[in-house]
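Read the sequence shown against my numbering and you will find it ends at 1332, with the numbers running on by one and no gaps. We put the beta carbon where it would ideally sit given N, CA and C, even for glycine. A short worksheet on the structure shown next.
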Amino acid sequence: MEPASRIDEAIAALRRGEAIGLPTETVYGLAGDARDPDAVRRIFELKGRPADHPLIVHLAEAHWLERWARDVPTAAVVLADEFWPGPLTLILKRQPDVLDAVTGGQDTVGLRVPSHPLAREVLSRYGRALAAPSANRYGRVSPTAAQHVRDEFGDAVPIVLDGGDCAVGIESTIVDVSGDTPRILRPGRITRAELEAAIGTIESGAVAASPRSAGSHAAHYAPSTPIELVASDAFANRLASHRDAGRRVAALSRAPQPGAVEGIVAGTTPDDYAHALYGALRALDALAVERIVIEAPPNTPDWAAVRDRLMRAAVGAPLDGPGT
């Protein structure tokens, strides 16, 4: 854990309208005061993020919710009671004084209470909510370690609090509760089954009337190296064909692969894989190979969040073979 003096420096920077690197249980955030137009503008500038993309607002406690949202439905209260603090973002109708820059000009706002102890300490001591999208350039791989943030921004973000590796490793589940029917806009560690156990039937995917949400762009979470996503039953043959053709590739798989191919084994369970995913993509990207060949995970509900991130990272590269 960071010393108190370092946290003091971070809070002083937030009060000056600066952005800091902040660990959460999901990924590291680029955090600034969500009520400060200059701080929010700085976040967008650092990330190179389109102005109409909303930011998620991080709260210290669930009872802060009504400072930011109005007409809070029962489903939102139940979900907050069940999953906050934790990796769940709720999309709600915004209070009139919420900055348009935070919401992307929409009538809704995304809110969550993180569970990481360092994020909670900063929020509690600062006493104000923080807008904190992932601390990476827009569209690139999200950071799950403090060094990833330093590598991404260097001196442009001088204060990066080090809270260790992120426990979850992928972004929060996003649920829209601003309309008549709750809807999952982005899968994450909290699954559909868990959500439905709390509030009943819930839908998936955005529709025309759904608000835009963080991380919803088709191309996202992508390293610089091209990605090829391949079904499990075709994966070994694809690696062999690249090797036989003299191509230098790297592999990301759920189990060790035979043959002289550089690679990383991410894990056999969805949680282990999610925890390792972004760090693995960054490490493989640094190898400067011709492409990263990834074994597609099972097309089952428990792997939905991992599949979502991989498919966005591999936009333009087809999913090959059956079972994907």
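Determine the direct distance from the alpha carbon of residue j to that of residue i, and round the result to whole angstroms.
i	j	result
V1157	W1072	28 Å
V1035	D1293	18 Å
V1130	P1141	16 Å
Y1286	L1022	27 Å
I1239	D1316	The amino acid at residue 1239 is misidentified as Ile; the sequence shows Ala. Spanning the two alpha carbons is a distance of roughly 15 Å.
A1184	Y1146	It is Asp, not Ala, that sits at residue 1184 in the sequence shown. Each residue's alpha carbon lies about 23 Å from the other.
E1033	I1178	9 Å
T1199	W1092	14 Å
R1057	L1038	12 Å
A1047	E1298	39 Å
G1025	G1135	14 Å
I1015	H1250	49 Å
L1203	R1255	44 Å
E1074	P1231	38 Å
D1170	P1031	7 Å
D1279	S1013	34 Å
F1243	I1182	31 Å
P1264	V1110	43 Å
E1236	R1320	12 Å
G1029	A1154	8 Å
D1159	D1089	37 Å
L1318	R1050	29 Å
A1288	A1258	11 Å
R1246	P1234	15 Å
K1055	F1161	9 Å
V1117	V1314	25 Å
Tell me the DSSP bridge mates of residue i?
i	result
S1142	G1037
R1148	A1230
V1273	S1261
T1116	K1101
S1212	I1192
I1019	DSSP, once it has assigned bridges, lists no residue as partnering I1019.
I1235	I1300
L1096	T1181
V1168	G1029
Quick one: is residue i buried, meaning 16 or more other Cβ sit within 10 Å of its Cβ, or exposed?
i	result
T1209	exposed
A1216	With a pLDDT of only 49 at A1216, under 50, the local geometry of the prediction cannot be trusted, and no value is derived from it.
A1322	buried
D1115	exposed
R1148	buried
T1152	buried
L1193	buried
S1180	buried
P1125	exposed
P1309	exposed
S1261	buried
T1189	exposed
D1252	exposed
D1041	buried
T1082	exposed
S1186	buried
G1196	buried
D1044	buried
Say yes only if the C-beta of residue i is nearer than 8 Å to one or more non-hydrogen atoms of the ligand MG, and no if none qualify.
i	result
V1048	This structure lacks the ligand MG, and indeed carries no ligand of any kind.
Chain B beta carbons: is any one of them nearer than 9 Å to that of residue i?
i	result
A1248	Of the chains in the structure shown, none is chain B; there is only one protein chain.
inquiry  = Check whether the region 1268 to 1278 and the region 1303 to 1313 touch, using three or more Cβ-Cβ pairs below 8 Å as the test.
reply    = yes
3-residue-minimum beta strand (DSSP E) runs that sit fully inside the region 1179 to 1210, ordered along the chain = 1181 to 1184, 1191 to 1194
At least three beta-carbon pairs within less than 8 Å, the region 1059 to 1077 to the region 1151 to 1166 = no
message = I want to know whether the region 1077 to 1088 touches the region 1101 to 1116 - three or more CB-CB distances under 8 Å.
response = yes
Sequence ranges, beta strand (DSSP E) only - wholly within the region 1027 to 1092, length at least 3 = 1028 to 1030, 1037 to 1041, 1064 to 1066
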